[in-house]
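Residue numbers (UniProt numbering): 1 to 488.
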């Protein structure tokens with residue numbers, strides 16, 4: 001029996017009897033810069049359908065733990081992703097508690113928040129922390145490994161799922177299992193080691209090390225005790241952020257002042273490298289963190305020349321390469337072992353072996369103030385999306401799509417007038433005190449300073465072309481008067 005169980009009242013025992021029901025805590029706040037230019041801050045890789053099944057890694061993750069002995073999951077994500085997260089959950093029919101971090105603080109604060117919420121649901125709840133941006137191709141194998149890890153976690157261990165390596169990768173951290181066994185093929189966790197060079201990785205492979213998947217199982221009270229012992233600043237900040245959290249629509253919004261007091265630290269460094277309760281279960285369930293373009297190439301089906309071609313691509317005498325184009329015709333001739341990725345506003349060309357270093361390029365672009373480092377041309381909003389078509393002195397042109405039932409905020413602009421031309425669907429347009437329907441090939445004019453709103457009352461997407469004309473067309477020239485999505 002774990003010391004925290006001593007003296008528990010009868011009222012808490014009922015909750016403890018439900019430990020066979022595992023509570024998933026899903027981390028969904030990362031940026032995924034190594035998959036730039038597809039993955040960017042405004043739409044990172046966990047929310048992008050990268051594989052052939054048409055769902056995002058986030059959606060695949062939540063579906064994997066829907067039912068199957070799991071309770072309602074907790075999703076911890078960044079405030080900027082709240083509507084994308086909610087929309088993707090709804091699309092796969094999974095309900096979850098969505099917790100919003102006001103800023104990124106690495107994984108330890110997120111795990112602390114999840115453990116606190118789990119403990120408040122039921123003392124000693126068995127939890128499973130999952131990254132939302134990984135691929136798992138053997139779901140039965142994954143569920144079997146989780147069941148074993150959860151059983152060991154229920155006994156007081158903090159278990160990490162280690163991945164049995166099939167090659168000496170330099171892209172992953174490693175774990176050395178200890179000599180002491182825990183049963184069920186698991187071992188006491190000996191040491192975490194950082195990403196090695198190739199020679200060291202070959203040594204690790206020979207010595208039985210496993211890859212660190214970043215997925216953990218533990219009882220909520222055990223994790224909280226270890227955070228209190230090894231990372232008290234993280235726990236205190238998490239408690240304050242959760243105690244002062246507010247409910248905003250369907251989201252739990254953490255208190256920003258309390259949350260920012262937490263150090264930015266990973267759960268590996270905060271707890272797992274120092275705890276004496278760590279365990280590791282080696283498993284092989286077709287795992288990949290799809291952390292770079294070369295790892296995505298590795299898990300996809302290839303042609304006879306070892307290539308993966310996606311989208312509007314043509315190639316000659318090209319081998320062992322990954323080439324993707326979302327729109328523009330991209331041609332490759334006489335190259336081997338390269339990555340070429342084309343989007344509407346950026347192109348990446350890299351040696352495949354250098355693909356893990358794409359984040360260095362992103363950092364350089366950010367330092368230079370390039371918006372392409374962080375923002376897509378298509379910007380997602382809770383009501384749909386917009387995409388810039390052209391911009392120049394005193395004008396900007398956008399393509400706007402509003403989902404059925406979607407409302408833009410009631411707003412005004414100080415520096416620009418707007419023209420809306422409907423090209424698909426029906427628009428309900430408010431201009432000051434007048435509300436009117438506009439159909440395809442009809443246009444509305446919104447003079448500078450007018451109070452206006454756009455609504456899609458139909459059952460199909462509303463698409464229109466917006467032409468802005470004025471002395472300033474920046475996104476911050478929006479005065480929101482009323483917003484059903486509770487944005488500032």
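Virtual Cβ for every residue (Gly too), placed ideally from N, Cα, C.
Simplified DSSP assignment, three categories, for residue i
| i | result |
| --- | --- |
| residue 239 | helix |
| residue 347 | strand |
| residue 34 | helix |
| residue 63 | helix |
| residue 55 | coil |
| residue 46 | helix |
| residue 24 | strand |
| residue 171 | coil |
| residue 356 | helix |
| residue 147 | helix |
| residue 213 | strand |
| residue 140 | helix |
| residue 376 | coil |
| residue 39 | coil |
| residue 78 | strand |
| residue 232 | helix |
| residue 321 | coil |
Close Cβ partners of residue i (< 7 Å) along its chain, the five nearest in sequence each way excluded
| i | result |
| --- | --- |
| residue 48 | 38, 39, 56 |
| residue 171 | 195, 291, 292, 295, 356 |
| residue 362 | 33, 36, 373 |
| residue 1 | For residue 1, the predicted structure reports a pLDDT of 38, less than 50, and the residue's modelled location is therefore unreliable. The matter cannot be settled from this model. |
| residue 436 | 429 |
| residue 416 | 448, 468, 469, 470, 472, 473, 477 |
| residue 300 | 308 |
| residue 119 | 125, 220, 221, 224 |
Beta-carbon separation (whole angstroms), residue i vs residue j, contact threshold 8 Å
| i | j | result |
| --- | --- | --- |
| residue 96 | residue 76 | That belief does not hold up - the Cβ atoms of residue 96 and residue 76 are roughly 10 Å apart, past 8 Å. |
| residue 259 | residue 44 | Wrong, their Cβ atoms sit about 20 Å apart, outside the cutoff. |
| residue 411 | residue 480 | 5 Å |
| residue 22 | residue 69 | 6 Å |
| residue 399 | residue 389 | 6 Å |
| residue 115 | residue 223 | 4 Å |
| residue 92 | residue 63 | 5 Å |
| residue 133 | residue 46 | 4 Å |
| residue 328 | residue 342 | 5 Å |
Close-in-space but distant-in-sequence residues of the same chain around residue i (CB under 8 Å, 5 per side omitted)
| i | result |
| --- | --- |
| residue 184 | 148, 151, 152, 281 |
| residue 29 | 76, 77, 78, 81, 101, 104, 110 |
| residue 197 | 170 |
Residues of its chain near residue i, where Cβ-Cβ distance is below 6 Å and the 5 sequence neighbours each way are ignored
| i | result |
| --- | --- |
| residue 193 | 174 |
| residue 4 | Caution applies to residue 4, whose pLDDT of 39 falls short of 50 and renders its modelled position unreliable; the value that the coordinates give is listed next. 221, listed in sequence order. |
| residue 346 | 37, 372 |
| residue 396 | 468, 473 |
Q. Can you list the beta strand (DSSP E) stretches of 3 or more residues lying completely in the region 82-132, in chain order?
A. Unbroken beta strand (DSSP E) stretches of 3 residues or longer found wholly inside the region 82-132: 97-101, 126-131, given in chain order.
**Q.** Those runs of the alpha helix (DSSP H) which lie wholly inside the region 235-305 and span at least 4 residues
**A.** Assignment of alpha helix (DSSP H) within the region 235-305, counting only whole runs of 4 or more residues, yields 256-259, 293-299 in chain order.
Q: Evaluate contact between the region 445-462 and the region 424-434, counting only Cβ atoms and requiring at least three cross-stretch pairs below 8 Å.
A: Judged by pairs of C-beta atoms under 8 Å, the region 445-462 touches the region 424-434, as three or more such pairs exist.
Q | Inter-stretch contact (C-beta, 8 Å, three-pair minimum) for the region 244-252 and the region 269-287 | A | no
Q: Ignoring anything shorter than 3 residues or poking outside the region 413-447, list the beta strand (DSSP E) runs there in chain order.
A: Look at the region 413-447 and you find these whole runs of beta strand (DSSP E), each 3 residues long or longer: 416-424, 427-431, 434-438, 443-446.
Q | 3-residue-minimum beta strand (DSSP E) runs that sit fully inside the region 459-487, ordered along the chain | A | Runs of the beta strand (DSSP E) inside the region 459-487: 462-470, 479-482.
Q) Does the region 440-458 come close enough to the region 403-410 to have 3 or more Cβ pairs within less than 8 Å? A) yes
Q. Is it true that the region 126-134 meets the region 100-116, where meeting means three or more beta-carbon pairs spaced less than 8 Å apart?
A. yes
Q. How about the region 333-352 and the region 313-324: do they share at least three Cβ pairs that are nearer than 8 Å?
A. Touching, yes.
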